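Protein chains in written order, with our numbering: chain E, 29 to 312; chain Z, 57 to 410; chain F, 5 to 261.
Glycine included, every Cβ here is placed at the ideal spot set by N, Cα and C.
Here the structure is a predicted model, which is why all the values come from computation and not from measurement.
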């Protein structure tokens with residue numbers, strides 16, 4: 029299956045037409061989530077920033093906005109971690125290597141990684157938030173000497189929900205970073221930590237509030253509590269970067285579904301500083 | 057004074073000249089109401105129609121339109137965008153609706169431009185019809201500075217002599233190069249003289265008096281009043297009777313939100329992606345695939361609409377988000393009025409300030 | 005292999021079954037995708053290995069009850085079509101009188117030979133997988149359902165009220181004529197056919213949800229001087245059984261007995 033746009037010369041292209049992307053590899057991460065390694069048709073790079081997303085299309089079924097979970101520093105291929113929650117994403121789970129889907133994007137502002145350089149970075153991810161966070165994490169690993177301390181705090185509901193186990197294990201054994209993982213509801217096999225993700229803050233070493241940035245991605249309930257922890261460590265609100273989720277249909281700032289007050293999450297976000305979010309009463 | 061003076065017969069001729077190379081769309085009377093509809097000639101038009109039930113938005117941004125079609129060719133889907141660029145002329149568009157179209161222009165032109173809207177818009181000629189008086193009790197266009205338009209049309213007509221239509225004269229002005237070319241090509245009518253100047257000045261003076269103030273605050277104060285009323289009890293109180301039916305959205309000349317769905321053939325080999333009007337008052341508008349609805353409460357949805365119309369669109373685009381046409385008030389079977397909400401919040405803000 | 009479909013009728017006018025035959029030009033395309041194996045209105049063959057069974061009519065007699073239980077066993081997917089099968093339909097009007105009275109009215113002296121039960125939607129008796137409401141059901145929605153079944157697309161009923169379709173068509177609102185239309189309360193999907201042809205929506209596709217009903221309780225008495233009971237009476241026309249869990253309006257339209 030693929031999607032090719034054919035068009036008469038001279039007519040401006042429609043922003044709603046996808047480009048084909050080929051599935052190179054498929055890896056089941058959990059019962060709900062699957063990782064797809066993809067490459068854009070014609071071999072061109074997606075040319076994205078960490079924190080951006082694409083609209084992925086299954087002809088006849090529909091489109092779904094999905095965060096890119098790999099770093100642009102990792103070559104031409106890119107990765108999507110898809111949770112089976114709706115109709116479109118359920119269809120994606122049938123894809124096998126060699127299949128093709130339609131991709132529009134990359135969309136959204138993403139994280140301005142340059143602005144984090146020279147800083148210590150604390151990445152806090154909850155649940156599926158680790159997918160976009162992984163793009164940031166890979167980027168920092170690949171440019172490690174541009175950053176100071178590097179902490180990753182990750183929380184999920186249960187051990188079965190833990191994503192990217194292979195990455196987490198590599199990261200945990202790496203001297204490049206400090207990784208802490210916790211689950212809300214441990215089972216008997218779980219040897220790691222338990223409790224909500226904010227409990228991990230107790231084990232963070234002291235941070236220089238003038239030279240630290242935080243990246244926060246998770247479900248709506250998580251933001252409030254994580255931000256309280258970060259502010260308690262005197263992090264300024266404009267150095268706390270949050271990525272928000274909303275319903276999106278167009279991805280290009282028109283259809284209105286992702287509006288928060290005057291903002292469009294698809295074009296003005298999904299990354300907002302906490303300073304900005306404070307002035308958007310419906311943001312969290 | 058620029059422009060020309062046309063007799064009623066000449067105006068009809070001018071519109072038919074426009075219709076020679078474009079599909080004519082203008083107000084048509086149906087019973088006690090008027091609707092923008094395609095017509096074969098200018099004679100069918102009700103040029104003095106007060107306000108049409110719906111704005112002419114649907115001719116630029118149809119309620120339902122195919123964005124692209126796709127078909128399976130040797131195992132792969134090939135997609136083809138669908139663009140419509142047949143020339144049309146919108147006739148007797150009132151200033152409020154011209155302001156509405158300007159907002160749509162702004163939203164759909166913002167990068168990346170919406171090729172589907174732009175293809176239609178580029179081929180659209182707009183002949184505006186200035187209002188001498190308010191068309192309905194719910195209208196507060198003058199409060200929103202939208203009862204006159206200086207931009208956003210090709211030609212603007214103002215009826216000078218308000219007596220029998222057949223003997224009326226019209227002042228006509230160009231608002232674009234296309235409009236100027238049409239006037240030049242038409243070549244009829246006469247240059248305005250002193251009498252016309254006087255008639256126009258008199259009309260302008262009458263117009264200033266004719267529109268009562270229906271908002272209890274100045275349009276410039278409205279955004280601040282709304283912001284201060286964000287936590288007001290008014291939202292929940294009013295939303296108790298809101299059906300979440302979306303009628304206010306769907307009749308609004310500045311509402312542009314849409315949904316996109318996929319249609320597919322019985323054999324699964326071809327289909328289309330279709331865009332359809334959506335509305336922020338409908339229950340599932342902000343519902344994500346995971347099941348979380350970011351505005352599940354009707355009060356949140358009502359606030360979202362009123363804040364957008366009165367503040368947020370203006371913040372973002374510099375253009376009014378509400379043109380005061382009153383259609384939403386008229387369409388609400390629960391009789392929720394945006395004007396009354398603006399007023400209630402302005403009053404609350406006033407009391408807070410004391 | 006083509007999915008095997010069947011169409012059955014319980015107590016009803018069978019208009020919904022007939023609507024399938026009215027698909028006319030699309031009927032052949034439909035038959036390209038499915039095999040109809042049991043359809044009294046359209047063929048004489050009878051087969052009982054059924055993938056998707058469509059049933060119109062309400063459960064209104066002991067025989068209906070027996071029949072629907074049997075159909076449930078034979079159909080892998082069971083779809084209720086039309087207001088009677090989905091909401092009880094006009095059959096539920098009989099509840100407004102004592103059983104013996106309406107039976108005598110209809111069957112006269114032989115009433116005792118015609119036992120009836122209260123009229124109920126299929127879902128009151130068996131598990132129903134999908135509902136295609138309306139009086140009659142919307143044949144385009146039926147076609148859409150079949151497309152979904154064939155292509156693996158998820159079928160969902162519209163979650164918006166009739167007003168959305170009415171406005172998109174550019175109709176004049178019936179309230180402008182001083183009429184009380186049930187459009188704001190009623191599930192869309194009919195392309196607002198009644199308002200489009202000049203009459204009010206009577207709610208045959210069922211109530212949209214608890215929020216809309218709550219709004220109606222506020223609006224009609226306060227804004228139109230009409231007690232909500234009178235509105236409920238009108239909504240009862242197409243089915244007193246509008247108490248599915250999703251709508252959470254249990255009992256709203258049940259006549260008090």
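Every unbroken beta strand (DSSP E) within the region 205 to 289 of chain E, with a cutoff of 3 residues, ordered by chain: 206 to 211, 240 to 245 and 268 to 271
Simplified DSSP state of residue 153(E), which is helix, strand or coil: strand
8 Å Cβ cutoff, residue 397(Z) in contact with chain E: no
Per-residue burial, residue 402(Z) [other beta carbons within 10 Å of its own, 16 or more giving buried]: buried
Residue 205(F) CB to nearest heavy atom of the ligand COA below 7 Å: As presented, the structure is devoid of all ligands, the ligand COA included, so that no description of it is given.
is_contact[residue 385(Z), chain F] using C-beta, thresh 8 Å: no
Where the alpha helix (DSSP H) through residue 303(E) begins and ends: 302 to 306
Alpha carbon of residue 302(E) to alpha carbon of residue 370(Z), nearest angstrom: 23 Å
Span of the alpha helix (DSSP H) around residue 197(E): 193 to 200
Closer than 8 Å to chain Z by CB, residue 179(E): no
For residue 137(Z), the three-state DSSP class (helix, strand or coil): strand
Chain E residues whose Cβ lies nearer than 7 Å to that of residue 158(F): 115
Status (buried if at least 16 other CB within 10 Å, exposed otherwise) for residue 400(Z): buried
Whole-number beta carbon distance between residue 54(E) and residue 123(E), since they are thought to touch under 8 Å: 6 Å
First through last residue of the alpha helix (DSSP H) which encompasses residue 63(Z): Careful: residue 63(Z) lies outside any alpha helix (DSSP H), inside the beta strand (DSSP E) at 60 to 63.
Interface residues of chain Z facing residue 227(F) [CB-CB closer than 7 Å]: 390 and 391
Rounded separation between residue 173(Z) and residue 383(Z) - CA only: 23 Å
Sufficient close CB pairs (3 or more, under 8 Å) joining the region 148 to 157 of chain F to the region 96 to 110 of chain F: no
Whether residue 228(E) touches residue 258(E) by CB criterion (8 Å): no
Residue 229(F) vs residue 194(F) beta-carbon contact at 8 Å: no
Residue closest to residue 227(Z), alpha-carbon to alpha-carbon, out of 184(Z), 338(Z), 203(Z) and 266(Z): 184(Z)
In chain order, each alpha helix (DSSP H) run of at least 4 residues that lies wholly inside the region 42 to 101 of chain F: 66 to 78 and 86 to 91
Residue-level contact to chain Z via CB, residue 222(F), 8 Å cutoff: yes
Pairwise C-alpha distance: residue 82(E) and residue 319(Z): 21 Å
Length of the line joining the Cα atoms of residue 133(E) and residue 246(E): 22 Å
Residues that residue 326(Z) bridges to, as DSSP identifies them: 127(Z)
Residue 9(F) in three-state terms, based on DSSP: strand
Local Cβ density within 10 Å of residue 143(F), reported as buried at 16 or more and exposed below that: buried
Residue 212(Z) beta carbon less than 8 Å from that of residue 231(Z): yes
Inter-residue Cα distance where the pair is residue 96(E) and residue 160(E): 6 Å
The region 274 to 284 of chain E contacting the region 160 to 174 of chain Z, beta-carbon criterion three pairs below 8 Å: yes
Cβ shell of residue 102(Z) (< 7 Å), same chain only, five flanking positions each side left out: 83, 84, 85 and 90
Within-8 Å CB hit, residue 57(Z) to chain F: Residue placement at residue 57(Z) cannot be trusted, given a pLDDT of 48 that sits under 50; what the coordinates show is reported in the next sentence. For residue 57(Z), the answer is no, since every Cβ of chain F falls outside 8 Å of its Cβ.
Assigned secondary structure, residue 199(F) (DSSP; H/G/I helix, E/B strand, else coil): helix
Delimiting residues of the alpha helix (DSSP H) encompassing residue 168(F): 166 to 173
Enclosing beta strand (DSSP E) for residue 80(Z) [first to last residue]: 79 to 86
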